[in-house]
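K.L.:
Protein sequences appear in the order of chains A and B.
Here the first sequence stands for residues 20 to 458, where the numbers follow the working numbering.
Here the second sequence stands for residues 8 to 187, where the numbers follow the working numbering.
Glycine residues also receive a C-beta, built at the ideal position from the N, C-alpha and C atoms.
Quick caveat: nothing in here was measured; it's all calculated off a predicted structure.
Can you read through this structure? Questions will come right after.
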Amino acid sequence: MTPSRGGPGEDEHLRTDPRLPGYLIAGFGALLAAIATGMPELAALGAPVLALAAVGIAARDPARLRGEVRVHNLRVLEGDVVEGELSVDWDGVAEVEVMLTGFRGVTPLDPTPEVGWSVPRTRGPLVLPFRFRATAWGTHDLGTLWVQARRPGSLLVWERKLAAAPRLQVLPRPLRLDRLLRPAEPRAVAGMHVSRLRGRGTDFAELRPYQPGDRLRDLSWGTSARLGSPWVIVHHPERTGTVLLLLDAFFTRAETGTEALARAARAAWAVAAVHLRAQDRVGILTHGVTTAWLPPQGGRRARWMLLNELLTVGGAVEDQLRRRRASLRVAVPSDALVVGITNLRSPSFTKSLLHHRRTGRTTVALVVDTLDLLPEPAGPVDEAARRIWLGRREADRHLLDRGGIPTALVTSTDGVGPAISALRRRTGRAGAARMGARR
Amino acid sequence: MSDWTPMRRLLAALALLTAVLTGVTGVAMGGTAGHAFAAAVFVGLAVAAAVSRGAIPWMIVAGQGFAASLLFTPVPLELLSLLPIVGGVLVSAELLAVVGRLEPSFARDPSDDLRRVGISALIGVGVFAVVAAMIGALDRIPVPTGLAAVALAVGACVVLAVLFIRAGRRGVAGADDGPT
């Protein structure tokens with residue numbers, strides 16, 4: 020449980036109820052008119068409102084508001100429930116209104132639709148539980164705690180902005196993925212990808228006659244018995260690859276944009292996680308509302324750094340903050356497999372993918388399908404707009420295909436697995452075609 | 008207004024009904040086009056105050072002006088006969104303040120506020136009745152009327168000035184950057 024505190028401070032200030040200026044203007048106006056005209060009846064009209072104003076400002080002791088926000092778990096998965104409580108205290112008897120405002124990436128469950136409470140006159144302290152549902156991945160501010168206290172019958176309201184709530188990390192919900200893309204040129208470090216070279220490994224490469232120096236365990240006893248001379252099995256060595264995730268973050272903060280980016284992030288995280296498990300080096304480069312660059316690296320530390328970059332991107336999109344890093348030096352390894360993850364709405368992202376392909380890198384694109392996020396067409400114009408949108412997306416996919424970048428659609432129902440399988444088939448065919456052309 | 012709670016709608020309707028009844032009563036008492044205009048301004052500002060709390064001060068000022076206009080009628084009225092008008096203006100203002108406080112979309116029990124509407128109306132009407140009676144008594148003793156008005160006004164100003172000075176020492180400051 021992580022609290023964020025706000026003790027008694029000097030930033031507590033007074034607001035006036037809208038009746039107070041009305042009573043004062045009307046009352047003093049009537050008194051002045053009475054003096055000017057010499058009509059005591061006007062003073063009689065001003066007296067009641069002045070009396071109410073006097074009663075309203077009589078109770079004005081400072082409330083000395085203090086409080087804290089406690090969140091039980093600051094690292095959750097998308098869709099999880101975030102529970103916490105607000106603890107507020109003040110001096111004396113008061114009517115209190117408590118509000119948590121400006122939260123991002125979460126939807127209030129209880130209370131709803133606003134995270135606010137109006138408490139009839141009572142004494143502090145007060146503990147108010149709340150529940151959110153984490154809706155958008157990223158690192159998000161859980162808002163600011165505002166408290167207003169009014170003495171019973173007073174026309175003055177003590178108000179204080181207490182300490183900001185803690186930051187919440189919403190991790191993308193993992194997608195089930197057990198298929199790997201083939202990195203362009205596996206590196207000479209043990210991993211899970213089959214190299215074209217031959218060496219020690221588990222995948223069969225060929226049979227050849229025994230040569231002095233071969234390990235006895237590599238002898239193929241069946242072949243040797245059939246052919247009457249010793250033959251050995253040669254394997255492909257298993258090597259690691261370099262994968263660069265190129266994430267399209269050209270999304271709006273609209274609900275559809277947030278969900279679209281969340282889908283892209285889930286796909287990115289699924290691809291990254293499975294390649295990191297396979298000992299690959301994985302990096303990420305984000306284009307869009309924010310620019311993030313994490314050079315390819317492997318291991319557990321890379322996993323956490325990658326996740327942190329994804330959370331930063333998610334938070335930036337939700338907050339609409341442009342967090343471009345001025346002196347970002349991006350050095351994409353020449354042997355990297357570039358995996359673009361995009362919804363193909365940004366021409367500049369498409370250009371970026373084509374640039375990577377033209378510089379000789381193997382490049383593929385996972386196209387995140389967001390068709391189901393569009394509102395239902397309300398008429399023929401909407402239908403036409405939807406058709407145009409789909410047509411443009413297909414045209415962009417065709418453009419990428421012609422540029423040597425195979426694409427596959429990641430749908431909300433099938434997930435990223437079938438798309439990876441499709442890309443594996445297509446990159447396999449393309450590789451075979453290139454090998455044939457070389458011969 | 009579609010997101011208003013039933014209680015808020017009910018209280019707004021009650022406030023506007025009070026304002027309209029006050030206006031109609033005043034027009035009946037005044038009986039001139041000027042009074043009708045003043046009543047219309049008051050009711051219009053009451054409607055505005057139901058929608059936005061910012062209009063409440065102007066509604067109160069308009070109500071007071073409307074009540075003051077009834078002192079200038081073709082047939083002079085007794086001061087105490089303005090009691091329903093004064094009470095109506097205060098009740099409308101207090102009810103509209105409650106409507107405004109029900110603005111946030113989180114649950115709020117207005118029973119305390121409604122009790123306070125009643126107390127405020129009683130205080131306002133009571134003070135008006137007392138002051139009106141005092142003025143009536145002053146009329147019957149040989150004191151110039153203007154002097155009585157000045158005495159009343161200065162007395163009230165002194166009391167209020169003392170209250171404000173005390174409030175100022177505690178640091179009264181308006182602010183408009185928070186949630187309302």
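Kindly identify the DSSP beta-bridge partner or partners of I439(A).
P.N.:
What you label residue 439(A) is simply residue 420 of the first sequence in a count that begins at 1. The partner list for I439(A) (beta bridge, DSSP) is empty, contrary to what the question assumes.
K.L.:
Is the Cβ of S76(B) closer than 8 Å to any Cβ of chain A?
P.N.:
For this step, residue 76(B) is matched to residue 69 along the second sequence. By this cut-off, S76(B) is not an interface position.
K.L.:
Closer than 7 Å, Cβ to any Cβ of chain B: which residues of the stretch 125-147 of chain A, in chain order?
P.N.:
P130, P132, E133, G135, W136, S137, P139 and R140
K.L.:
Shortest alpha-carbon distance to L147(A) belongs to which of V115(A), E395(A) and P394(A)?
P.N.:
Numbered from its first residue, the first sequence carries residue 147(A) at position 128. Ranking the options by Cα distance to L147(A), first place goes to V115(A).
K.L.:
Check the Cβ of R60(B) against every Cβ in chain A and list those closer than 7 Å, keeping chain order.
P.N.:
To locate residue 60(B), count along the second sequence from 1; it is residue 53. Under the 7 Å cutoff, chain A gives P37.
K.L.:
Any idea if I92(B) is buried or exposed, counting beta-carbon neighbours within 10 angstroms, 16 or more meaning buried?
P.N.:
As a first step, residue 92(B) is located in the second sequence; it is residue number 85 there, counting from the start. Label assigned to I92(B): buried.
K.L.:
Ends of the beta strand (DSSP E) at E104(A)?
P.N.:
Position 85 of the first sequence holds residue 104(A). Counting along the chain, the beta strand (DSSP E) containing E104(A) begins and ends at V100 to D108.
K.L.:
Output the distance between the C-alpha atoms of I360(A) and W11(B), rounded to the nearest integer angstrom.
P.N.:
What you label residue 360(A) is simply residue 341 of the first sequence in a count that begins at 1. What you label residue 11(B) is simply residue 4 of the second sequence in a count that begins at 1. Computed Cα separation, rounded: 44 Å.
K.L.:
Would you call I63(B) buried or exposed, if buried means 16 or more other Cβ atoms sit within 10 Å of its Cβ?
P.N.:
The count along the second sequence starts at 1 and reaches residue 63(B) at position 56. By the 10 Å Cβ count, I63(B) comes out buried.
K.L.:
To the nearest angstrom, how far is the alpha carbon of L385(A) from that of A427(A)?
P.N.:
Along the first sequence, read from residue 1 onward, the residue named residue 385(A) stands at position 366. Along the first sequence, read from residue 1 onward, the residue named residue 427(A) stands at position 408. Whole-angstrom Cα-Cα distance: 5 Å.
K.L.:
What separation, rounded to the nearest whole angstrom, lies between the Cα atoms of V332(A) and A22(B)?
P.N.:
Within the first sequence, numbered from 1, the residue matching residue 332(A) stands at position 313. Within the second sequence, numbered from 1, the residue matching residue 22(B) stands at position 15. Their Cα atoms are separated by approximately 50 Å.
K.L.:
Could you pull out every residue in the same chain whose Cβ sits closer than 6 Å to the Cβ of A287(A), ignoring the five residues on either side in sequence?
P.N.:
Sequence index remark: in the first sequence, residue 287(A) carries index 268 (1-based). Same-chain partners within the cutoff: L264, L266 and I360.
K.L.:
Starting from G41(A), find everything on chain B with Cβ-Cβ shorter than 8 Å and list it in chain order.
P.N.:
Position 22 of the first sequence, counted from the start, is the residue given in the question as residue 41(A). Those within 8 Å of G41(A) in chain B are I63, P64, W65, M66, I67, V68 and A100.
K.L.:
Could you pull the start and end residues of the alpha helix (DSSP H) that F113(B) belongs to?
P.N.:
In the second sequence, residue 113(B) corresponds to position 106, counting from 1. Secondary structure note for F113(B): it is in no alpha helix (DSSP H), with a DSSP letter that is neither H nor E.
K.L.:
In whole angstroms, what is the alpha-carbon distance linking V27(B) and P83(B)?
P.N.:
The residue you call residue 27(B) lines up with position 20 of the second sequence. The residue you call residue 83(B) lines up with position 76 of the second sequence. Between V27(B) and P83(B), the C-alpha separation is close to 23 Å.
K.L.:
Give a yes or no on contact between the stretch 388-403 of chain A and the stretch 294-309 of chain A, applying the rule of three or more CB pairs nearer than 8 Å.
P.N.:
no
K.L.:
Name the residue from T381(A), F149(A) and L187(A) whose alpha carbon lies nearest to the alpha carbon of R443(A).
P.N.:
Taking the first residue of the first sequence as 1, we reach residue 443(A) at position 424. Nearest of T381(A), F149(A) and L187(A) to R443(A), Cα basis: T381(A).
K.L.:
For my contact list, P117(B) and L109(B) are in at a C-beta cut-off of 8 Å; report their separation, rounded to the angstrom.
P.N.:
Translated into the one-based positions of the second sequence, residue 117(B) becomes position 110. Translated into the one-based positions of the second sequence, residue 109(B) becomes position 102. Sure, about 6 Å apart at Cβ, within 8 Å.
K.L.:
Out of curiosity, what's the CA-to-CA distance linking N92(A) and E102(A)?
P.N.:
As a first step, residue 92(A) must be located in the first sequence, where it is residue number 73. As a first step, residue 102(A) must be located in the first sequence, where it is residue number 83. Computed Cα separation, rounded: 7 Å.
K.L.:
Can you check DSSP and say which residues form a bridge with M118(A)?
P.N.:
Within the first sequence, the letter at position 99 stands for residue 118(A). DSSP output for M118(A) lists G135(A) and W165(A) as bridge partner(s).
K.L.:
Assuming contact is defined by CB atoms lying nearer than 8 Å, are R227(A) and V189(A) in contact in what I supplied?
P.N.:
Taking the first residue of the first sequence as 1, we reach residue 227(A) at position 208. Taking the first residue of the first sequence as 1, we reach residue 189(A) at position 170. The answer is no: Cβ separation not under 8 Å.
K.L.:
Under 8 Å, do V124(B) and V106(B) count as touching if we go by C-beta distance?
P.N.:
The residue labelled residue 124(B) in the question sits at position 117 within the second sequence. The residue labelled residue 106(B) in the question sits at position 99 within the second sequence. Not a contact, by the Cβ cut-off of 8 Å.
K.L.:
Measure the alpha-carbon distance for L33(A) versus M36(B) and round it to whole angstroms.
P.N.:
Against the first sequence, residue 33(A) aligns to sequence position 14. Against the second sequence, residue 36(B) aligns to sequence position 29. Straight-line Cα distance between these residues: approximately 41 Å.
K.L.:
For S127(B), which residues in chain A fall below 7 Å Cβ to Cβ?
P.N.:
Mapped onto the second sequence, residue 127(B) falls at position 120. Going along chain A in sequence order, the residues near S127(B) (Cβ under 7 Å) are L71.
K.L.:
Return the chain-ordered list of same chain residues with a C-beta closer than 8 Å to the C-beta of M14(B), the five sequence neighbours on each side being excluded.
P.N.:
The residue you call residue 14(B) lines up with position 7 of the second sequence. Taken in chain order, the residues that qualify are L109 and P117.
K.L.:
Could you spell out where the beta strand (DSSP E) holding Q316(A) opens and where it closes?
P.N.:
Here residue 316(A) corresponds to residue number 297 of the first sequence, with the count starting at 1. Q316(A) -> beta strand (DSSP E) spans A311 to Q316.
K.L.:
Under three-state DSSP, which class holds V351(A)?
P.N.:
As a position in the first sequence, residue 351(A) is number 332, starting the count at 1. In the three-state DSSP reduction, V351(A) falls in the coil class, being neither helix nor strand.
K.L.:
Determine whether the beta carbon atoms of L161(A) and V90(A) lie at a separation below 8 Å.
P.N.:
For this step, residue 161(A) is matched to residue 142 along the first sequence. For this step, residue 90(A) is matched to residue 71 along the first sequence. Cβ distance < 8 Å, so L161(A) and V90(A) count as in contact.
K.L.:
What's the call for D146(B), buried or exposed, on a 16-neighbour Cβ count within 10 Å?
P.N.:
Taking the first residue of the second sequence as 1, we reach residue 146(B) at position 139. Label assigned to D146(B): exposed.
K.L.:
Just to confirm my understanding: we take H306(A), look at its own chain, exclude 5 residues before and 5 after, and list those with CB closer than 8 Å. What are they?
P.N.:
Counting from one through the first sequence, the residue named residue 306(A) turns up at place 287. Closer than 8 Å at Cβ, skipping near neighbours: L265, L266, D267, A268, F269, S365, S367, F368 and S371.
K.L.:
Report the CB separation of D129(A) from R150(A) in whole angstroms; it is logged as a contact under 8 Å.
P.N.:
The residue you call residue 129(A) lines up with position 110 of the first sequence. The residue you call residue 150(A) lines up with position 131 of the first sequence. Sure, about 5 Å apart at Cβ, within 8 Å.
K.L.:
Whose C-beta lies closer than 7 Å to the C-beta of L52(B) among residues of the same chain, with five residues either side of it excluded?
P.N.:
Here residue 52(B) refers to the residue found at position 45 when the second sequence is read from its first residue. Here the set comprises A62, W65, M66 and A69.
K.L.:
Is the Cβ of G37(B) closer than 8 Å to any Cβ of chain A?
P.N.:
Taking the second sequence and counting its residues from 1, one reaches residue 37(B) at position 30. False, the Cβ-Cβ gap to chain A never drops below 8 Å.
K.L.:
Check G423(A) in the structure and name its three-state DSSP category.
P.N.:
Position 404 of the first sequence holds residue 423(A). Of the three classes helix, strand and coil, the one that applies to G423(A) here is coil, per DSSP.
K.L.:
Take A52(A) as the anchor and find which of A66(A), P315(A) and T378(A) has the nearest alpha-carbon.
P.N.:
Mapped onto the first sequence, residue 52(A) falls at position 33. Considering only alpha carbons, the answer is A66(A).
K.L.:
To test your reading of the DSSP string, which unbroken alpha helix (DSSP H) runs of 4 or more residues are found completely within the stretch 349-418 of chain A?
P.N.:
For the stretch 349-418 of chain A, the full-length alpha helix (DSSP H) segments reaching 4 residues or more read 366-377 along the chain.
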